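Residue 250 in UniProt numbering sits at position 250 of the sequence shown; the count goes up by one each step and never skips.
Since the structure comes first, as C-alpha coordinates, the remarks are kept for the end.
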Amino acid sequence: MPIIDSGFGWTLDLDGISDAFAKGAESIILCQPYNPLGRVFTIDELRGLAEVVDRHHGFVVSDEIHGPLVPAGESRKASVPYASISELASSHSVLVSSASKSFNLPGLMTAFVTLFTDEQAKVWDEKVHPLDAEGVTTIGMAANKAAFDSGQEWLNAANCYIHDNAVWLSQVLADQLPGVSYRIPEGTYLGWLDFSAYELPTSPGEWLLRHARIRLNDGPTFGPGGEGHARINLATPRYLLEEAVDRMVSAINAR
1 MPIIDSGFGW
11 TLDLDGISDA
21 FAKGAESIIL
31 CQPYNPLGRV
41 FTIDELRGLA
51 EVVDRHHGFV
61 VSDEIHGPLV
71 PAGESRKASV
81 PYASISELAS
91 SHSVLVSSAS
101 KSFNLPGLMT
111 AFVTLFTDEQ
121 AKVWDEKVHP
131 LDAEGVTTIG
141 MAANKAAFDS
151 GQEWLNAANC
161 YIHDNAVWLS
171 QVLADQLPGV
181 SYRIPEGTYL
191 GWLDFSAYEL
201 PTSPGEWLLR
211 HARIRLNDGP
221 TFGPGGEGHA
231 RINLATPRYL
241 LEEAVDRMVS
251 AINAR
(Lines of atoms letter the chains of each structure in order from A and count residues from 1; the text may use other names and numbers.)
(Lines give C-alpha, C1' and ligand atoms only; values in the text may rest on other atoms or scores of the structure.)
Protein backbone atom coordinates (compact mmCIF):
# COMPACT_ATOMS: atom_id res chain seq x y z
CA MET A 1 0.00 0.00 0.00
CA PRO A 2 1.75 3.21 -1.16
CA ILE A 3 2.18 6.04 1.32
CA ILE A 4 0.54 9.40 0.57
CA ASP A 5 2.78 12.43 0.05
CA SER A 6 0.72 15.38 1.26
CA GLY A 7 3.38 17.91 0.29
CA PHE A 8 4.17 18.41 3.97
CA GLY A 9 5.25 14.83 4.58
CA TRP A 10 4.31 11.22 4.02
CA THR A 11 1.35 9.70 5.81
CA LEU A 12 -0.77 6.55 5.82
CA ASP A 13 -3.39 6.17 3.10
CA LEU A 14 -6.26 5.28 5.41
CA ASP A 15 -8.83 5.36 2.60
CA GLY A 16 -6.68 3.02 0.52
CA ILE A 17 -6.17 0.69 3.48
CA SER A 18 -9.91 0.65 4.16
CA ASP A 19 -10.60 -0.14 0.51
CA ALA A 20 -8.08 -3.00 0.56
CA PHE A 21 -9.78 -4.52 3.60
CA ALA A 22 -13.17 -4.11 1.93
CA LYS A 23 -11.86 -6.05 -1.08
CA GLY A 24 -10.76 -8.99 1.03
CA ALA A 25 -7.49 -8.16 2.77
CA GLU A 26 -7.34 -9.58 6.28
CA SER A 27 -4.20 -8.00 7.70
CA ILE A 28 -1.67 -5.22 7.22
CA ILE A 29 2.03 -5.04 8.00
CA LEU A 30 2.82 -1.72 9.64
CA CYS A 31 6.43 -0.52 9.63
CA GLN A 32 7.02 1.88 12.54
CA PRO A 33 9.30 3.77 11.93
CA TYR A 34 8.66 3.44 8.22
CA ASN A 35 11.31 1.94 5.96
CA PRO A 36 12.40 3.39 3.52
CA LEU A 37 10.86 6.83 4.10
CA GLY A 38 11.98 7.37 7.68
CA ARG A 39 8.56 8.48 8.97
CA VAL A 40 7.72 8.01 12.64
CA PHE A 41 3.95 7.85 12.70
CA THR A 42 2.21 9.93 15.37
CA ILE A 43 -0.29 8.66 17.91
CA ASP A 44 -3.10 10.32 15.94
CA GLU A 45 -2.01 8.57 12.74
CA LEU A 46 -1.86 5.23 14.53
CA ARG A 47 -5.29 5.81 16.09
CA GLY A 48 -6.68 6.46 12.64
CA LEU A 49 -5.23 3.17 11.44
CA ALA A 50 -6.62 1.33 14.48
CA GLU A 51 -10.11 2.61 13.72
CA VAL A 52 -9.90 1.39 10.12
CA VAL A 53 -8.59 -2.02 11.16
CA ASP A 54 -11.26 -2.42 13.82
CA ARG A 55 -14.04 -1.40 11.43
CA HIS A 56 -13.02 -4.16 9.03
CA HIS A 57 -12.15 -6.73 11.73
CA GLY A 58 -8.59 -6.79 10.41
CA PHE A 59 -5.22 -7.50 12.00
CA VAL A 60 -1.93 -5.60 12.27
CA VAL A 61 1.55 -7.09 12.28
CA SER A 62 3.59 -4.17 13.59
CA ASP A 63 7.22 -4.37 12.48
CA GLU A 64 9.06 -2.14 14.95
CA ILE A 65 12.60 -3.33 14.39
CA HIS A 66 13.69 0.28 13.70
CA GLY A 67 11.84 1.58 16.78
CA PRO A 68 14.93 2.46 18.85
CA LEU A 69 16.54 4.24 15.89
CA VAL A 70 15.10 7.69 16.58
CA PRO A 71 17.43 10.51 17.68
CA ALA A 72 16.64 12.06 21.05
CA GLY A 73 15.70 15.71 21.36
CA GLU A 74 12.83 17.97 22.36
CA SER A 75 11.92 18.67 18.73
CA ARG A 76 11.79 14.98 17.77
CA LYS A 77 9.19 12.40 18.62
CA ALA A 78 9.89 8.90 19.86
CA SER A 79 8.57 5.91 17.97
CA VAL A 80 5.30 4.95 19.67
CA PRO A 81 4.56 1.20 19.64
CA TYR A 82 1.29 0.57 17.83
CA ALA A 83 -0.12 -1.71 20.54
CA SER A 84 0.50 0.93 23.22
CA ILE A 85 -1.98 3.47 21.86
CA SER A 86 -5.08 1.64 23.10
CA GLU A 87 -6.48 -1.66 24.30
CA LEU A 88 -8.25 -1.88 20.95
CA ALA A 89 -4.95 -1.67 19.07
CA SER A 90 -3.29 -4.34 21.18
CA SER A 91 -6.27 -6.67 20.76
CA HIS A 92 -5.85 -6.82 16.98
CA SER A 93 -2.05 -6.70 16.63
CA VAL A 94 1.25 -8.36 17.37
CA LEU A 95 4.66 -6.69 17.55
CA VAL A 96 7.75 -8.10 15.85
CA SER A 97 11.23 -6.74 16.54
CA SER A 98 14.86 -7.48 17.30
CA ALA A 99 18.05 -5.77 18.42
CA SER A 100 19.57 -6.61 15.05
CA LYS A 101 18.98 -3.23 13.36
CA SER A 102 19.52 -0.87 16.27
CA PHE A 103 22.57 -2.64 17.68
CA ASN A 104 23.99 -4.16 14.47
CA LEU A 105 23.43 -7.80 15.47
CA PRO A 106 21.78 -9.40 12.39
CA GLY A 107 24.31 -12.22 12.19
CA LEU A 108 23.08 -13.64 15.50
CA MET A 109 19.76 -14.68 13.92
CA THR A 110 17.46 -13.67 16.77
CA ALA A 111 14.14 -11.83 16.77
CA PHE A 112 11.02 -11.85 18.92
CA VAL A 113 7.25 -11.57 18.69
CA THR A 114 5.13 -9.90 21.38
CA LEU A 115 1.59 -11.27 21.74
CA PHE A 116 -1.06 -9.34 23.64
CA THR A 117 -4.03 -11.68 24.15
CA ASP A 118 -4.66 -15.26 25.18
CA GLU A 119 -6.28 -15.90 21.81
CA GLN A 120 -3.15 -14.74 20.00
CA ALA A 121 -1.04 -17.06 22.15
CA LYS A 122 -3.37 -19.97 21.38
CA VAL A 123 -3.15 -19.38 17.62
CA TRP A 124 0.62 -19.00 17.86
CA ASP A 125 1.06 -22.26 19.74
CA GLU A 126 -1.22 -24.21 17.41
CA LYS A 127 -0.40 -22.79 13.98
CA VAL A 128 2.79 -20.74 13.99
CA HIS A 129 5.17 -22.30 16.49
CA PRO A 130 5.19 -25.73 14.74
CA LEU A 131 6.54 -23.98 11.61
CA ASP A 132 9.54 -22.58 13.50
CA ALA A 133 12.09 -25.24 12.60
CA GLU A 134 15.26 -23.41 13.64
CA GLY A 135 14.36 -21.20 16.58
CA VAL A 136 16.81 -18.62 17.87
CA THR A 137 20.44 -18.92 18.94
CA THR A 138 21.49 -18.91 22.57
CA ILE A 139 24.13 -16.25 21.97
CA GLY A 140 21.57 -14.22 20.02
CA MET A 141 19.15 -14.21 22.96
CA ALA A 142 21.95 -13.17 25.32
CA ALA A 143 23.10 -10.41 22.97
CA ASN A 144 19.56 -9.05 22.48
CA LYS A 145 19.01 -8.92 26.24
CA ALA A 146 22.37 -7.24 26.84
CA ALA A 147 21.69 -4.68 24.11
CA PHE A 148 18.27 -3.67 25.38
CA ASP A 149 19.31 -3.77 29.06
CA SER A 150 22.67 -2.03 28.83
CA GLY A 151 23.13 -0.52 25.38
CA GLN A 152 21.27 2.79 25.68
CA GLU A 153 24.40 4.97 25.94
CA TRP A 154 25.85 3.42 22.79
CA LEU A 155 22.49 3.68 21.00
CA ASN A 156 22.13 7.37 21.87
CA ALA A 157 25.56 8.07 20.40
CA ALA A 158 24.78 6.05 17.27
CA ASN A 159 21.47 7.87 16.76
CA CYS A 160 23.20 11.24 17.08
CA TYR A 161 25.83 10.21 14.53
CA ILE A 162 23.20 8.98 12.08
CA HIS A 163 21.17 12.17 12.49
CA ASP A 164 24.27 14.30 11.90
CA ASN A 165 24.92 12.33 8.71
CA ALA A 166 21.31 12.91 7.63
CA VAL A 167 21.58 16.66 8.20
CA TRP A 168 24.94 16.79 6.41
CA LEU A 169 23.46 14.96 3.42
CA SER A 170 20.58 17.43 3.25
CA GLN A 171 22.96 20.38 3.17
CA VAL A 172 25.25 18.86 0.53
CA LEU A 173 22.39 17.86 -1.75
CA ALA A 174 20.82 21.31 -1.50
CA ASP A 175 24.15 22.83 -2.54
CA GLN A 176 25.42 20.37 -5.15
CA LEU A 177 22.39 18.40 -6.37
CA PRO A 178 19.43 20.68 -5.69
CA GLY A 179 17.21 18.63 -7.98
CA VAL A 180 17.32 15.66 -5.62
CA SER A 181 14.34 15.71 -3.30
CA TYR A 182 15.23 14.47 0.19
CA ARG A 183 13.69 14.84 3.63
CA ILE A 184 15.69 14.27 6.78
CA PRO A 185 14.30 11.03 8.24
CA GLU A 186 12.55 11.14 11.60
CA GLY A 187 13.72 7.60 12.35
CA THR A 188 15.68 4.63 10.94
CA TYR A 189 19.17 5.01 9.46
CA LEU A 190 17.88 5.30 5.89
CA GLY A 191 17.44 8.17 3.47
CA TRP A 192 15.01 8.25 0.54
CA LEU A 193 16.29 10.13 -2.51
CA ASP A 194 14.10 11.29 -5.39
CA PHE A 195 16.15 11.68 -8.59
CA SER A 196 13.14 12.34 -10.85
CA ALA A 197 14.23 15.88 -11.71
CA TYR A 198 17.42 14.55 -13.32
CA GLU A 199 15.55 12.15 -15.61
CA LEU A 200 17.66 9.16 -14.64
CA PRO A 201 16.29 5.70 -15.47
CA THR A 202 13.39 4.45 -13.34
CA SER A 203 15.99 2.40 -11.45
CA PRO A 204 18.57 5.07 -10.49
CA GLY A 205 20.39 2.64 -8.22
CA GLU A 206 21.44 0.58 -11.23
CA TRP A 207 22.52 3.71 -13.09
CA LEU A 208 24.59 4.92 -10.14
CA LEU A 209 26.23 1.52 -9.78
CA ARG A 210 27.38 1.66 -13.41
CA HIS A 211 28.35 5.31 -13.58
CA ALA A 212 29.36 6.21 -10.01
CA ARG A 213 30.36 2.79 -8.68
CA ILE A 214 28.21 3.19 -5.58
CA ARG A 215 25.46 0.85 -4.45
CA LEU A 216 22.10 2.25 -3.37
CA ASN A 217 18.88 0.29 -2.96
CA ASP A 218 16.71 0.87 -6.03
CA GLY A 219 13.35 2.49 -5.42
CA PRO A 220 11.27 0.15 -7.61
CA THR A 221 12.18 -2.79 -5.36
CA PHE A 222 10.04 -1.15 -2.65
CA GLY A 223 6.90 -1.25 -4.75
CA PRO A 224 4.74 1.16 -6.79
CA GLY A 225 5.86 4.77 -6.47
CA GLY A 226 9.51 3.87 -6.07
CA GLU A 227 10.40 4.65 -9.66
CA GLY A 228 13.11 7.29 -9.92
CA HIS A 229 14.04 6.89 -6.25
CA ALA A 230 16.80 5.14 -4.31
CA ARG A 231 17.49 4.42 -0.65
CA ILE A 232 20.80 5.34 0.97
CA ASN A 233 22.27 3.94 4.20
CA LEU A 234 23.23 6.71 6.64
CA ALA A 235 24.66 4.38 9.29
CA THR A 236 28.17 4.59 7.93
CA PRO A 237 31.35 6.53 8.72
CA ARG A 238 31.14 10.09 7.42
CA TYR A 239 34.15 9.71 5.14
CA LEU A 240 32.43 6.85 3.29
CA LEU A 241 29.23 8.87 2.95
CA GLU A 242 31.24 11.82 1.65
CA GLU A 243 32.96 9.59 -0.93
CA ALA A 244 29.64 8.13 -2.07
CA VAL A 245 28.01 11.54 -2.44
CA ASP A 246 31.06 12.95 -4.28
CA ARG A 247 30.80 10.10 -6.79
CA MET A 248 27.06 10.62 -7.11
CA VAL A 249 27.46 14.34 -7.79
CA SER A 250 30.24 13.78 -10.33
CA ALA A 251 28.33 11.10 -12.23
CA ILE A 252 25.08 13.06 -12.46
CA ASN A 253 26.79 16.32 -13.44
CA ALA A 254 28.88 14.54 -16.09
CA ARG A 255 25.91 13.14 -18.01
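Even for Gly, the Cβ is constructed at its ideal location relative to N, Cα and C.
In this text, all values refer to a predicted model and were calculated from it rather than measured experimentally.
Exercise for review: Pull up the CB-CB distance for Gly187 and Val70, whole angstroms please, since I reckon it's below 8 Å.
Suggested key: About 4 Å; that satisfies the 8 Å criterion.
**Study point:** Backbone secondary structure at Glu74 - three-state DSSP
**Key:** Any reading at Glu74 needs caution, since the residue's pLDDT is 48, under 50, leaving its predicted position unreliable; the model's value is listed next. Coil, per DSSP.
Exercise for review: Measure the alpha-carbon distance for Gly205 versus Asn217 and round it to whole angstroms.
Suggested key: Cα to Cα, the separation comes out at about 6 Å.
Point to revise | Inter-residue Cα distance where the pair is Gly223 and Asp149 | key: Cα-Cα distance, rounded: 36 Å.
Point to revise | Proximity winner among Ala121, Leu190 and Arg210, relative to Ser102 (alpha-carbon distances) | key: Checking every option, the nearest Cα to that of Ser102 belongs to Leu190.
Review point. Can the beta-carbon of Val40 be found less than 8 Å from the beta-carbon of Lys77?
Key: In this structure, the beta-carbon distance from Val40 to Lys77 falls below 8 Å.
Review point. Should residue 260 be labelled buried (16 or more other beta-carbon atoms within 10 Å of its own) or exposed?
Key: Coverage of the chain is limited to positions 1 through 255, which leaves residue 260 absent and any answer about it impossible.
Practice item. For Asp246, name the three-state secondary structure that DSSP assigns. Key: Note: Asp246 maps to helix in three-state DSSP.
Practice item. Please say whether Leu241 and Leu193 have beta carbons closer to each other than 8 Å? Key: In this structure, Leu193 sits away from Leu241, with a CB-CB distance that is not shorter than 8 Å.
**Study point:** Alpha carbon of Phe8 to alpha carbon of Arg183, nearest angstrom
**Key:** In this structure, the alpha-carbon of Phe8 lies about 10 Å from that of Arg183.
**Study point:** Same chain, Cβ closer than 7 Å to Gly16, five either side skipped, listed in chain order
**Key:** Excluding sequence neighbours, Gly16 sits near Met1.
Point to revise | Cβ neighbour criterion (16 or more within 10 Å) applied to Ser84 | key: Burial state of Ser84 is exposed, judged by a 10 Å Cβ sphere holding fewer than 16 other Cβ atoms.
Point to revise | Residue burial classification, Ala230 (beta-carbon count within 10 angstroms, cutoff 16) | key: By the 10 Å Cβ count, Ala230 comes out buried.
Check your understanding: Just how far apart, CA to CA, sit Ile43 and Gln32?
Key -> Spanning the two alpha carbons is a distance of roughly 11 Å.
Check your understanding: When we look at the beta-carbon of Gly228 and count the other beta-carbons within 10 Å, is it buried (16 or more) or exposed?
Key -> Gly228 counts as buried, since at least 16 other C-beta atoms from the protein chains shown sit within 10 angstroms of its C-beta.
Review point. If you run the structure through DSSP and keep just helix, strand and coil, what is Ile184?
Key: Shown here, Ile184 sits in coil according to DSSP, grouped into three states, outside any helix or strand.
Practice item. Determine, using beta carbons only, whether Ala89 and Ser98 come nearer to each other than 8 Å. Key: For Ala89 and Ser98, no; Cβs fall outside 8 Å.
Practice item. Can you grab the Cα-Cα spacing for the pair Ser18 / Asn159, in whole Å? Key: Roughly 35 Å between the two C-alpha positions.
Practice item. Report the three-state DSSP secondary structure of Gly205 (helix, strand or coil). Key: Helix.
Practice item. In the DSSP assignment, find the unbroken alpha helix (DSSP H) run with Ile17 in it and report its ends. Key: Ile17 -> alpha helix (DSSP H) spans Leu14 to Ala22.
Point to revise | Proximity winner among Val128, Tyr34 and Asp125, relative to Tyr82 (alpha-carbon distances) | key: That would be Tyr34, whose Cα lies nearest to the Cα of Tyr82.
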